[in-house]
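Engineer:
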Amino acid sequence: MRFPWQRRTIEPEPVEYPIVVEHLTKRFGDFLAVNDVSFHVNAGEVYGWLGPNGAGKTTTIRMLLGLMAPTSGRARVLGYDPATQTKAMQEHVGYMSQLFTLYEDLTAAENIRFYGLAYGLSRQMLRRRQEEIIAMAGLEGRENELTAHLSGGWKQRLALGCAIVHNPRVIFLDEPTAGVDPISRREFWGLIYAMAKKGITILVTTHYMDEAELCQ
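FYI, the numbering used here numbers position 108 of the sequence shown as 108, with every residue one higher than the one before it.
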């Protein structure tokens, strides 16, 4: 018997490109936010998107996540149509926003457990993933500390851990290094490439030229 909150185990069909975007356009009234965007991303690729505020990066990611319907054009993520197959797709996709969507009145461990249960992980799997994420974030000994008391770099790595707690195959990182110090930025990019080496496909937006040059 599977309870409603437990994770499904249906894997998506193999696809040539995990992310495909064709002539994607988004209008808000007379304002053109995304103008006829087309691209595709290979499996295991770190795909960078460089641009200033207002360029349409976040709007495009929201359409790829199924949080916003496009005005025209089409997209596929792992073969799913984000506009019509959002729920099935989200089980295999991770998202980290620039605002670090963590609950600051919870501890680091509690944040991980909250997101793990929201994604439907079994308690056994969640215990293992919690240990892995605490180690990845360098939070050993601080897992029971309130998130509000953590530094920007630790919050950044914890937010990434919460975004990948369910082992997604595609990850969207929307300006994930904004507002953190250069050392934390460099360490974070080490985590990005470690994930890519495991075959995870990553789309990352950034304001920084040096970060864009790190992408493939």
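Note that beta-carbon positions come from the ideal geometry of N, C-alpha and C, so glycine has one too.
Please work out which residues of its chain come closer than 6 Å, Cβ to Cβ, to Q216, disregarding the five sequence neighbours upstream and downstream, and give them in chain order.
Structural biologist: Reading the sequence shown from its first residue, position 216 is the one you call residue 216. Same-chain partners within the cutoff: E45 and V46.
Engineer: Determine the extent of the beta strand (DSSP E) in which M68 is found, giving its start and end residues.
Structural biologist: On the sequence shown, residue 68 is found 68 positions in, with the first residue counted as 1. Counting along the chain, M68 falls outside any beta strand (DSSP E), and DSSP gives it neither H nor E.
Engineer: Kindly indicate which residue of S72, P176, I200 and S184 has the alpha-carbon position closest to the one of H229.
Structural biologist: For residue 229 there is no data in the structure shown, the boundaries of the chain being 1 and 216.
Engineer: Can the beta-carbon of V21 be found less than 8 Å from the beta-carbon of L65?
Structural biologist: For the purposes of this step, residue 21 is identified with residue 21 of the sequence shown, where counting begins at 1. For the purposes of this step, residue 65 is identified with residue 65 of the sequence shown, where counting begins at 1. No; because the gap between Cβ atoms is not below 8 Å, this pair is not in contact.
Engineer: Tell whether a beta-carbon distance below 8 Å holds between Y95 and A88.
Structural biologist: Mapped onto the sequence shown, residue 95 falls at position 95. Mapped onto the sequence shown, residue 88 falls at position 88. Taking 8 Å as the Cβ cut-off, Y95 and A88 do not qualify as a contacting pair.
Engineer: Excluding the five sequence neighbours on either side, which residues of its own chain have a C-beta within less than 6 Å of the C-beta of P70, listed in chain order?
Structural biologist: Translated into the one-based positions of the sequence shown, residue 70 becomes position 70. Contacts found: L24, K26 and M63.
Engineer: I need the DSSP call for R169, collapsed to helix, strand or coil.
Structural biologist: Translated into the one-based positions of the sequence shown, residue 169 becomes position 169. DSSP, reduced to helix, strand and coil, places R169 outside both helices and strands of the structure shown, so it counts as coil.
Engineer: Any chance you could list the alpha helix (DSSP H) runs of at least 4 consecutive residues sitting entirely within the region 13-71, in chain order?
Structural biologist: 57-64
Engineer: For L78 and R169, which I take to be in contact (beta-carbon distance under 8 Å), what is that distance rounded to the nearest angstrom?
Structural biologist: Reading the sequence shown from its first residue, position 78 is the one you call residue 78. Reading the sequence shown from its first residue, position 169 is the one you call residue 169. About 6 Å; that satisfies the 8 Å criterion.
Engineer: Please classify L158 as buried or exposed, where buried requires at least 16 neighbouring CB atoms within 10 angstroms.
Structural biologist: The residue labelled residue 158 in the question sits at position 158 within the sequence shown. So L158 counts as buried.
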